[in-house]
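A.B. asks: In UniProt numbering, the protein residues as written are 1 to 223.
Glycine is no exception: its CB is placed at the ideal position from the N, C-alpha and C atoms.
Being a predicted model, the structure only gives us computed values, none of them experimental.
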């Protein structure tokens, strides 16, 4: 029983690492995944690799063709658009609600995350993106909507990869930081309208760039 538990934990670590690499575009859309190479990279047998890939297929991040090949899925622009609509609608309402109800603990947490993002913005884009997600997750937690957050995260795989394409461009990290500061300030001052508007503007940036990103990376997007 002890070894089985360790084995299950290791499987989860493999899935999480592959997921991270796909979302961060270390494994770009369309990349063929060799199970043999993955076994060598992770120094594991075929079974945990197969199980990790099956879980990623359930998430929509890989496509497994029996007796053929496994590859990273292309970015689905329509699914990204619908996920953005869902997220934007809900997070605008959360921001407006929290402007009326949030306590000092949330303000302290958001300020801490903004400072951490400032520290890593120029040298670790993946960590910057993780802190961005944590910033938004704290809003869901403060609103008592953790399960809603989990559901939205499951639907956000395509928009996450669009954001990974967008993040290195121009002054994107600086703009995210400025938008986070505006959201935090609106929450602090109790302005529900400003908080909702700031959130909507913040979440619209990457989806608004989708057409341009498709032009720059046509092979990454589904037809």
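Can the beta-carbon of residue 232 be found less than 8 angstroms from the beta-carbon of residue 99?
C.D. replies: The chain is shown from 1 up to 223; residue 232 falls before or after that span and cannot be answered.
A.B. asks: Report yes if the C-beta distance between residue 176 and residue 207 is below 8 angstroms; otherwise report no.
C.D. replies: No.
A.B. asks: In this structure, does DSSP put residue 86 in helix, strand or coil?
C.D. replies: It is helical.
A.B. asks: Below 8 angstroms between beta carbons: does that hold for residue 70 and residue 64?
C.D. replies: Their beta carbons are under 8 angstroms apart, which means residue 70 touches residue 64 by this criterion.
A.B. asks: Do the CB positions of residue 152 and residue 75 come within less than 8 angstroms of each other?
C.D. replies: No, Cβ-Cβ distance for residue 152 and residue 75 is not below 8 angstroms.
A.B. asks: Secondary structure at residue 33, three-state DSSP: helix, strand or coil?
C.D. replies: Here residue 33 sits in strand by DSSP.
A.B. asks: Going by DSSP in three states, residue 143 sits in which element: helix, strand or coil?
C.D. replies: If DSSP states are grouped into helix, strand and coil, residue 143 belongs with coil.
A.B. asks: Under a Cβ-count criterion, where at least 16 other Cβ atoms within 10 Å of its own Cβ denotes burial, should residue 29 be classed as buried or exposed?
C.D. replies: With 16 or more Cβ atoms within 10 Å of its Cβ, residue 29 is classed as buried.
A.B. asks: For residue 221, which beta-bridge partners are listed by DSSP?
C.D. replies: Beta-bridge pairing links residue 221 to 75.
A.B. asks: In this structure, what does DSSP give as the bridge partners for residue 64?
C.D. replies: Residue 64 pairs with 70.
A.B. asks: What's the gap between the Cα of residue 24 and the Cα of residue 126?
C.D. replies: If I take the Cα positions, the gap works out to 7 angstroms.
A.B. asks: To the nearest angstrom, report how far apart residue 32 and residue 17 are at their CA atoms.
C.D. replies: In a straight line, the C-alpha of residue 32 is about 17 angstroms away from that of residue 17.
A.B. asks: Thinking C-beta only, is residue 110 closer than 8 angstroms to residue 131?
C.D. replies: Not in contact: residue 131 and residue 110 (Cβ atoms no closer than 8 angstroms).
A.B. asks: So the candidates are 91, 21, 66 and 186; which of them puts its Cα closest to the Cα of residue 204?
C.D. replies: Nearest C-alpha to residue 204: 91.
A.B. asks: Residue 204 lies in the alpha helix (DSSP H); which residues open and close that run?
C.D. replies: It spans 192-208 - the alpha helix (DSSP H) in which residue 204 sits, taken as one unbroken run.
A.B. asks: What is the residue span of the alpha helix (DSSP H) that residue 43 lies within?
C.D. replies: Unbroken run through residue 43: none, as it is neither H nor E.
A.B. asks: Does the Cβ-Cβ distance between residue 198 and residue 188 come in under 8 angstroms?
C.D. replies: Not a contact, by the Cβ cut-off of 8 angstroms.
A.B. asks: To the nearest angstrom, report how far apart residue 108 and residue 114 are at their CA atoms.
C.D. replies: Looking at the two C-alpha atoms, the distance is approximately 10 angstroms.
A.B. asks: Alpha carbons only, please: which of 62, 180 and 41 is nearest the one belonging to residue 139?
C.D. replies: Ranking 62, 180 and 41 by Cα distance to residue 139 puts 180 first.
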